[in-house]
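Visitor: This structure is in C-alpha cells; I'll ask about it shortly.
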Amino acid sequence: SGHGKLYIQTKMDATQLPVVIPRIGWQLNMTGGLDRVTWCGKGPHECYPDRKSSGVVAVHSANTSELPVPYLAPSENGCRSDVSWLRLAHSDNSSSLLIESDNDECLNFSAQMYSTEEIALMTHSFESKKTIPSDGSFFLNLDAKLMGIAGDDSWSATVHDEALIHPGVYEFGVSFSVN
C-alpha cells in the first residue's frame, strides 16, 4: 500500500556525565523535498521549554524554510515545544511523514539548514548564508528534552536550574508513519 510505520525507542544513560546536557534527542538529515510541516503544539513562533508562555497550543503549519530564526550570532534557533505530533510533507501533498511521540511526553522540534556542529563553528551570521539545496534537504531536530536558552536579563544569561537537563537516565519513543 506504500504505507509503513517505524517505532524507535531510545534510552540514554547519562548518569556519568559531569555537566548538564543540552539536549536528549536526535538530529536527522532530511532529504527528498519534504518542505511543508504541520504540527500540534506550541507556536506559531519559536517556543523553547523556558520561553513558551506566549505560544498557543494548536495545529500550525509552515514551510520548513520559515522555521529557522536568523539571529545575528548563529546559535540554536527555531524550536517548537510541547509538540505531540508533526507531519512533514511535499508541497503538493503527494507523500508525507508523520512523527508522533509514543508516550505522554511531548517533543521539541526544529528544522534548520545547518547541523548542530556547523552552527557551533560559526561566529558571524554572514557565515550562515547557505543556499537551499535543490533536493530541499534540511536538518530536523527531534528532542525529548531540550535545555532552556537563557536567564532573565542580558547581563546574567544563566539558564534557570529547572530548565537544565541534569545527568540521569532518559528514555523516549517516537513513531514514524509514511504515506
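For what it's worth, this note's numbering labels the leading residue of the sequence shown as 44, then goes sequentially.
Just so you know, even glycine gets a beta-carbon here, dropped at the ideal spot from N, CA and C.
If you drop the 5 nearest sequence neighbours on each side, which residues of the same chain put their C-beta closer than 6 Å to that of Pro-65?
Guide: Along the sequence shown, read from residue 1 onward, the residue named residue 65 stands at position 22. Within the same chain, Pro-65 has close Cβ partners Met-190.
Visitor: In angstroms with no decimal places, state the Cα-to-Cα distance between Ser-139 and Leu-77.
Guide: Residue 139 sits at position 96 when you count from the first residue of the sequence shown. Residue 77 sits at position 34 when you count from the first residue of the sequence shown. Taking the straight line from one Cα to the other gives about 7 Å.
Visitor: Counting along the chain, where does the beta strand (DSSP E) carrying Thr-53 start and finish?
Guide: The count along the sequence shown starts at 1 and reaches residue 53 at position 10. Looking at the DSSP string, the run of the beta strand (DSSP E) that includes Thr-53 is 47-56.
Visitor: Using 8 Å for Cβ pairs, my map puts Asn-146 next to Phe-215. What's the rounded Cβ distance?
Guide: Counting from one through the sequence shown, the residue named residue 146 turns up at place 103. Counting from one through the sequence shown, the residue named residue 215 turns up at place 172. Yes, they are in contact, since the Cβ atoms of Asn-146 and Phe-215 sit about 7 Å apart, within 8 Å.
Visitor: Figure out for me which residue from Pro-117, Tyr-157, Val-212 has the closest Cα to the Cα of Thr-166.
Guide: To locate residue 166, count along the sequence shown from 1; it is residue 123. Nearest option by C-alpha distance: Pro-117.
Visitor: Using only the alpha-carbon positions, how far apart do Gln-59 and Pro-210 sit?
Guide: In the sequence shown, counting from the first residue as 1, residue 59 sits at position 16. In the sequence shown, counting from the first residue as 1, residue 210 sits at position 167. Roughly 7 Å between the two C-alpha positions.
Visitor: Which value, in whole angstroms, describes the spacing of the CA atoms of Asp-56 and Cys-149?
Guide: Here residue 56 corresponds to residue number 13 of the sequence shown, with the count starting at 1. Here residue 149 corresponds to residue number 106 of the sequence shown, with the count starting at 1. Looking at the two C-alpha atoms, the distance is approximately 20 Å.
Visitor: Where Ala-132 and Ile-208 are concerned, what is the direct C-alpha to C-alpha distance, given to the nearest angstrom?
Guide: The sequence position of residue 132 within the sequence shown is 89, counting from 1. The sequence position of residue 208 within the sequence shown is 165, counting from 1. Going by the C-alpha atoms only, they are around 32 Å apart.
Visitor: Hey, how far is the Cα of Phe-219 from the Cα of Ser-144?
Guide: Translated into positions along the sequence shown, residue 219 becomes position 176. Translated into positions along the sequence shown, residue 144 becomes position 101. Taking the straight line joining both Cα atoms gives about 9 Å.
Visitor: Among the candidates Tyr-50, Gln-52, Val-63, whose CA atom is the shortest distance from the CA of Thr-201?
Guide: If you number the sequence shown from 1, residue 201 lands on position 158. Nearest option by C-alpha distance: Val-63.
Visitor: What span of residues does the alpha helix (DSSP H) with Glu-160 cover, start to end?
Guide: Position 117 of the sequence shown, counted from the start, is the residue given in the question as residue 160. Looking at the DSSP string, the run of the alpha helix (DSSP H) that includes Glu-160 is 159-164.
Visitor: In chain order, what residues of the same chain have a beta carbon less than 8 Å from the beta carbon of Ser-44, not counting five sequence neighbours either side?
Guide: Taking the sequence shown and counting its residues from 1, the one referred to as residue 44 is at position 1. Note that Ser-44 has pLDDT 42, beneath the 50 cutoff, so the model's placement of it is unreliable and the number below is only indicative. So no residue of the chain qualifies.
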